[in-house]
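Position 433, counted from 1, in the sequence shown is what the working numbering calls 1516; the numbers after and before it change by one each time, with no gaps.
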Amino acid sequence: MALAPSMDYAGSVSSGQKHLGCFRVHTSSRLQCVGYDKKSRTNQFVVRAISVDRPQLDLSNPNWKKQFQEDFGKRFSLPHLRDVIDVEPRPTTFSLKSRTPLKNVNGSVQESWNGYVNDDDRVLLKVIKFASPTSAGADCIDPDCSWVEQWVHRAGPRKQIYFEPQYVKAGIVTCGGLCPGLNDVIRQIVLTLEKYGVKNIVGIQHGFRGFFEDHLSEVPLSRHVVQNINLAGGSFLGVSRGGAKISDIVDSIQARRLDMLFVLGGNGTHAGANAIHEECRKRKLQVSIVCVPKTIDNDILLMDKTFGFDTAVEAAQRAINSAYIEAHSAFHGIGLVKLMGRSSGFITMHASLSSGQVDICLIPEVPFILDGPNGVLRHLEHLIETKGFALVCVAEGAGQEYLQKSNATDASGNMVLGDIGVHLQQKIKSHFKDIGVHSDVKYIDPTYMLRAVRANASDAILCTVLGQNAVHGAFAGFSGITTGVCNTHNVYLPIPEVIKSTRFVDPNSRMWHRCLTSTGQPDFH
């Protein structure tokens, strides 16, 4: 069926999986890769994670494109309440019509308002037709990079809804870690629900924990309550990782008589929400589970970006600028900044590009060596010799192979990472001491400062759109979906398709090439 990518922290293929610029010949089990150099250090191919997994295709079949599109259509069809229960649609209560009749140019009264999305509206998932697998950022289905249209569902309000607003009880829960914009999304969900006519809206405190901790009571929500919460960072409802058994959570949903549950979180939270959705379907409950993707790491598959990312990149500038001033002002100064990014280096890459002062950018997807003539430390020597100072920006998940591995995990099941920032700081100091060259290393770790801030203007707009579309999706009768932006258009996606793997920086992408052009760094291998 589908081939999900298996990636290690270096962003390399660890099993025979089809990938960017790589394809499996139908008559062979051998994986062929185009346009990638084999790294002698790891003896693995460095690639990016695919954004859409490919089914096993018989390319000798002249109808393979049709087969692919049929499979794609099935996978990206949206789960609906009608799939498991008998529910009839009714005219929507959502309208932005003027209180006075709208008139056409000729003065006649308009009979209808064209503000609704048709159920058959679709958005093209991929918009670039690559000529070759060797093109920068190429994402091909077959060795010839054949163009195959891939359509997903457009988000927005429908003419028909599947809930009676006056009887709806809606819940909102924020899970995982903090992220700029959580309060903006909460606020927009509440305001949009009220626009439909929903009066009973509650917040579940501290993530899924709020479903089973007796002392965590529901928080009544209304326009009056949430009006100004977007002016502060954090989560008005609180967050936490982990939670109870899925069956216990659904028991709580039934006991609370929730009809809609809006879940704000990342990959792990989406997986939990999908399990809740499946349990609700199993019990034939008329409950809509809708997710809003939340992660500053920007590592959700298929989406242009997630809310909080822009704000985190902007917040990182303060740390980078401080490190630059320290390094530039000192004799043989070296500024070192560690940014968030467990397995994806989007924040580090974009922050480096935005700064324009970074000399070395290290991310989890691109392996590097520290020692030797082609290592990071030798390049730092070169920078000190030629510039007199240097600035390094590293993602927290980069270079984990140099650190002692721990089997410890956090409440979400994520591996506890070693501190690459401290390791690099010590290695740099030791290296320059050994070669008899003075160095002044300044290490800055802003980590949680990136996410504990109010959303900037760009993220605030994104949060507004995502919050509104989440409500539209629930009233349209969808469940087990998430809402996001694909190719600048707002879409609904089935949760299983966005949690098949983490989204990674593509080392062959134009964006990473732009970063390398900006920093001027060589390949560290």
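Backbone N, C-alpha and C define an ideal beta-carbon position, used for all residues, glycine too.
- request: Return the CA-CA distance between D1334 and G1480, expressed in angstroms with no decimal places.
  value: 37 Å
**Study point:** Complete runs of the alpha helix (DSSP H) confined to the stretch 1395 to 1458 [at least 4 residues]
**Key:** 1429 to 1438
Assuming H1608 contacts V1520 (C-beta within less than 8 Å), just tell me the rounded distance between them. Actually they do not touch by this definition, with Cβ atoms about 24 Å apart.
Leaving out five residues before and five after V1588 in sequence, what residues of the same chain have Cβ atoms less than 7 Å from its Cβ? R1131, S1427, G1428, F1429, M1432, I1446, E1448 and W1595
### Task
Could you tell me whether the stretch 1302 to 1309 touches the stretch 1278 to 1288, using the rule of 3 or more Cβ pairs below 8 Å?
yes
query: From G1326, T1352 and E1362, pick the residue whose C-alpha is nearest to that of Q1337; which is it?
result: E1362
Note down the Cα distance separating V1505 from V1524, rounded to an integer number of angstroms. 11 Å
Practice problem: Measure the Cβ-Cβ separation of K1252 and L1341 and say whether it is below 7 Å. | Solution: yes
Write down the C-beta distance between A1402 and I1527 rounded to the nearest angstrom, noting that I regard them as a contact closer than 8 Å.
5 Å
Quiz item: Contact check, Y1485 vs Q1440 under 8 Å by CB: the rounded distance?
Solution: 25 Å between Cβ atoms; not a contact.
task: State yes or no: is the beta carbon of H1572 nearer than 7 Å to at least one beta carbon in chain C?
output: Annotation note: the requested chain C is absent from the structure, which comprises a single protein chain.
Practice prompt. Compute the Euclidean distance between the alpha carbons of A1087 and A1557, then round it to the nearest angstrom.
Written response: Reliability fails at A1087, whose pLDDT of 34 lies under 50, so the model's placement of it is uncertain and no value is given.
- Query: Would you call the CB atoms of Q1369 and I1168 closer than 7 Å?
  - Reply: yes
Residue range of the beta strand (DSSP E) that P1577 falls in? H1572 to P1577
Starting from the Cα of C1476, find the closest Cα among Y1279, T1602 and Q1152 and give me that residue. T1602
**OP:** With DSSP collapsed to three states, give me the class of T1566.
**Re:** strand
For I1244, name the three-state secondary structure that DSSP assigns. strand
Practice task
Could you check how far apart the C-beta atoms of L1299 and Q1310 are, in whole angstroms? I think they sit under 8 Å.
Solution key: Going by Cβ atoms, the distance from L1299 to Q1310 rounds to 23 Å, so no, they are not a contact pair.
Q.
Within the continuous alpha helix (DSSP H) that includes C1476, where are the two ends?
A. No alpha helix (DSSP H) contains C1476, which is instead part of the beta strand (DSSP E) from A1473 to A1478.
- Item | Per-residue burial, N1146 [other beta carbons within 10 Å of its own, 16 or more giving buried] | exposed
Report back the beta-carbon spacing between E1580 and F1213 to the nearest angstrom; my notes put them in contact at under 8 Å. No, E1580 and F1213 are not in contact; Cβ-Cβ is about 21 Å, not under 8 Å.
Problem set entry | From G1424, T1469 and V1375, residue whose alpha carbon lies closest to that of H1411 | T1469
| What span of residues does the beta strand (DSSP E) with M1343 cover, start to end? | M1343 to G1348
| H1236, enclosing alpha helix (DSSP H) - first and last residue | Segment W1234 to R1237 is the beta strand (DSSP E) holding H1236; no alpha helix (DSSP H) there.
Q. Mind checking C1105: buried by the 16 CB within 10 Å criterion, or exposed?
A. A caution first: C1105 carries a pLDDT of 33, below 50, which makes its placement in the model unreliable, though a value can still be read off. So C1105 ends up on the buried side.
Between G1290 and A1538, how many whole angstroms is the CB-CB distance? I'm expecting something under 8 Å. The Cβ separation is near 20 Å, so there is no contact.
Q. Measuring CA to CA, which of W1234, P1605 and S1435 is closest to N1404?
A. S1435
Note to self: Distance check for H1572 and V1206, CA to CA, integer angstroms please.
What the structure shows: 7 Å
**Study point:** Residue environment, Q1249, which counts as buried when at least 16 other CB atoms sit within 10 Å
**Key:** exposed
Exercise. Quick one: using the 10 Å Cβ neighbour count with 16 as the cut-off for buried, is H1353 buried or exposed?
Key: buried
Q) Under the three-state reduction of DSSP, which class applies to K1470: helix, strand or coil? A) coil
Practice problem: Can you check the stretch 1214 to 1298 for any alpha helix (DSSP H) of at least 4 residues that lies completely inside it and give the ranges in chain order? | Solution: 1265 to 1279
* From P1162 to A1413, what distance separates their C-alpha atoms? -> 59 Å
Margin query: Measuring straight from C-alpha to C-alpha, what distance separates L1549 and Q1604?
Written below: 37 Å
Exercise. Taking DSSP as the reference, what is the three-state secondary structure of T1585?
Worked result: coil
Could you check how far apart the C-beta atoms of V1554 and I1272 are, in whole angstroms? I think they sit under 8 Å.
-> 6 Å
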